[in-house]
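Visitor: I'd like to ask some things about the structure below.
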Amino acid sequence: MFSFAEYFQANPPKYSVILAAFDGEELGLQGSKFFVKSNALAEKNIRCNLNMDMISRSDNNILFAVGTAYNETLKSIVTSTKGAGGLNIATGHDGHDGLENWTYSSDHGNFHKKEIPFLYFGVDDHKDYHEPTDDFENIHPEFYINAVKTIISIFEKVDDAKQL
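If you read the sequence shown in the numbering used here, its first letter stands for residue -7, the second for the next number, and so on.
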């Protein structure tokens, strides 16, 4: 999140950006549920939700962008983006391809329920996924840096899109 804050400070986006770290995901997405229901922002004022969860490690160099099945503009943006440093960007995990459905697996699910376009960036499970052994020593620095660069590239295209 700090990388994105630094980027936005040096490269102000066209639209306002809220960097939020929601709590209570494992307890039923409670933080994002509260945010969406609290009317902190009118739903019509939320252009898109970009959610990142577990993007610092991949055993197969694949970053998934979930949500493209629900929005043609986002699908076009993601599929036309080349991953930084050879990172592979994959779509799927959205209930339409036989893979595990991640549509409601993280905080983006509450935005999707309100019909707010979303992209969820994540990776396949690994042996330490959501385990006490998932420590910072196991991060794949090159993958993480390339994931951040790729997501920023996608953000720039979302920010430039005339319509979502």
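From the three backbone atoms N, C-alpha and C, an ideal C-beta is built for every residue, glycine too.
For the beta strand (DSSP E) that Val58 lies in, which residues bound it at each end?
Guide: Ile54 to Val58
Visitor: Are the CB atoms of Phe113 and Leu156 nearer to each other than 9 Å?
Guide: Their beta carbons are not under 9 Å apart, which means Phe113 does not touch Leu156 by this criterion.
Visitor: In the structure shown, what three-state DSSP assignment does Phe110 receive?
Guide: strand
Visitor: Cβ of Gly20 less than 9 Å from any chain B Cβ?
Guide: No chain B appears in the structure shown, which is made up of a single protein chain.
Visitor: Using the C-alpha atoms, what's the distance from Phe110 back to Leu42?
Guide: 6 Å
Visitor: Going by DSSP, what residues sit across from Gly42 in a beta bridge?
Guide: Here residue 42 turns out to be Leu, not Gly, going by the sequence shown. DSSP lists Leu111 as partners of Leu42.
Visitor: Under the DSSP definition of a beta bridge, which residues are partnered with Asn80?
Guide: When beta bridges are read from the DSSP output, Asn80 appears opposite Ile54.
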